[in-house]
Amino acid sequence: MSEFEEKVIEMLKKIDQKLDKVLEMGSKAPAPQPTPAATSTASAASTVKPSALVEKQEEEEKMKEKPPVEGRRVCTKCGGTAFKTEEDKSNVLHQMGGIKIYAKRYICKSCGNES
Ligand SMILES: [Zn+2]
1 MSEFEEKVIE MLKKIDQKLD KVLEMGSKAP APQPTPAATS TASAASTVKP SALVEKQEEE
61 EKMKEKPPVE GRRVCTKCGG TAFKTEEDKS NVLHQMGGIK IYAKRYICKS CGNES
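First residue of the sequence shown: 1, per my numbering; consecutive thereafter.
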């Protein structure tokens, strides 16, 4: 390991310890005490915390985006990927000028399972 890498890891450990302290203070004392030490740790936390939250949100959004991708449908029963589609007349998605757009049902060609 290079000297630089060791320094970075040391820094990360220090940041981690600071975050632990801030989280501990936050859960124990609702009113933060305005000592110089406390304000410096608080500012360090405010720069680290929101970005971590944003990363988490972006990850969650990616997870949500994956399932509706067409053509990636997999049968929950047999794992088959060939489906025939049928309009589900009881499930109107959208109606405009007398034209109805129905939800689609996907029926597995291998086992007939509807998913
Ligand atoms: Zn199937």
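All C-beta atoms in this analysis are idealised placements derived from N, C-alpha and C, irrespective of residue type, glycine included.
All figures in this text were calculated on a predicted structure; none of them were measured in a lab.
Does DSSP classify residue i as helix, strand or coil?
| i | result |
| --- | --- |
| P68 | Unreliable placement is indicated for P68, whose pLDDT of 49 sits below 50; the coordinate value is still reported in the next sentence. In the structure shown, P68 sits in coil (DSSP, three-state: anything other than H, G, I, E or B). |
| M1 | coil |
| K84 | strand |
| S51 | helix |
| V74 | coil |
| K109 | coil |
| S27 | helix |
| K56 | helix |
Where does residue i land, buried or exposed, given buried means 16+ other C-beta within 10 angstroms?
| i | result |
| --- | --- |
| V22 | buried |
| C111 | exposed |
| C78 | exposed |
| F83 | buried |
Could you check which residue in the options has the C-alpha nearest to that of residue i?
| i | options | result |
| --- | --- | --- |
| E114 | L93, I99, C75 | C75 |
| C108 | I99, V92, R72 | R72 |
| T85 | I101, E6, Y106, S2 | Y106 |
Give the residues whose C-beta lies closer than 6 Å to at least one heavy atom of ligand 1, in chain order. C75, K77, C78, G80, C108, S110, C111, N113
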